[in-house]
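Residue numbers (our numbering): 955 to 1261.
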């Protein structure tokens, strides 16, 4: 019995993930990649989306004091209501959320499938207009709402522009106004040791250059040193995406080993459901609603959750 679960992952990714199929170079790049690389692309792409569920909204003092929030109060209040109710926020995101892979010949900061601020610091930017376009997205333009989304909470940092993606202001608000929310991680030392700050503090422009090269930076705020909540790899993708992909591959390899070495457990599982486990099981890989990844054995329809 030969089962290639990783081939099922590759087929699902190539058939499902959005990319420009008319671009021969991108299509070829997709087909060259193994299961792990394709899972990184998937997780990186999914990180650009905001899972639709009700959230408690936390508003910073900087947001409250910003005159732009008063000028655009109607639009912002409507967006906040959507966040609180758990509405789909995709229309307010970048149109590039529809791209899972762009040409790797481009520089990192030019690849349309990467949102480098989101990848490094896990800060989303949302377009606040309530006017819908024909493509399903709201009208583009400034200002933008900068926010961090956790499972049950949304932290509204401030309303700024497309020129503010690497402002110290964003990080300072996360540290000073939401110190216990886990939006940014303080570097700490052991007992008897002392963190005295950074020898070299990069300014905003320097951090932009480093980010565009796939390099994470530490920041010093109020005498303490912080690292990104997310993290960017040299390929420009998310550190979390790499970790998630590795976890899926490990779980896949465990399932693969069990299928080969302990067939009896699958026979018992099938019997418990009034089914017969096939002598030559066939699997497909895919999403398990509301969210998750799983293999499904096609003759029994039994699902095996991987992540």
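No residue lacks a Cβ here, since even glycine has one placed at the ideal position from N, Cα and C.
{"Check": "Does residue 1191 pass the burial test, meaning 16 or more other C-beta atoms within 10 Å, or should it be called exposed?", "Outcome": "buried"}
{"Check": "Going by other Cβ atoms of all chains shown within 10 Å of its Cβ, with 16 needed for buried, is residue 1079 buried or exposed?", "Outcome": "buried"}
{"Check": "For the segment 1089-1156, which segments carrying the alpha helix (DSSP H) assignment without a break, of at least 4 residues, lie completely within its bounds, in sequence order?", "Outcome": "1122-1131"}
{"Check": "Keeping to the same chain, check which residues put their C-beta closer than 7 Å to that of residue 973; ignore five residues upstream and five downstream.", "Outcome": "980, 984, 1053, 1054, 1055"}
{"Check": "Taking the beta carbon of residue 1234 as the centre, do at least 16 other beta carbons fall within 10 Å, making it buried, or is it exposed?", "Outcome": "exposed"}
{"Check": "For residue 1167, which three-state DSSP category applies?", "Outcome": "coil"}
{"Check": "Between which two residues does the beta strand (DSSP E) harbouring residue 1214 extend?", "Outcome": "Run containing residue 1214: none in the beta strand (DSSP E); it sits in the alpha helix (DSSP H), 1193-1215."}
{"Check": "Taking contact to mean at least 3 C-beta pairs separated by less than 8 Å, is the segment 1252-1259 in contact with the segment 1212-1232?", "Outcome": "yes"}
{"Check": "Which residue marks the beginning of the beta strand (DSSP E) containing residue 1248, and which one marks its end?", "Outcome": "1247-1251"}
{"Check": "Do residue 1111 and residue 1102 count as a contact pair if the criterion is CB distance below 8 Å?", "Outcome": "yes"}
{"Check": "Measuring only the C-alpha atoms, how far is residue 988 from residue 1074?", "Outcome": "25 Å"}
{"Check": "Could you give the distance in angstroms between the alpha-carbon of residue 1035 and the alpha-carbon of residue 1081?", "Outcome": "15 Å"}
{"Check": "Could you say which of 1187, 1241, 1205 lies nearest to residue 998 if we only look at CA atoms?", "Outcome": "1187"}
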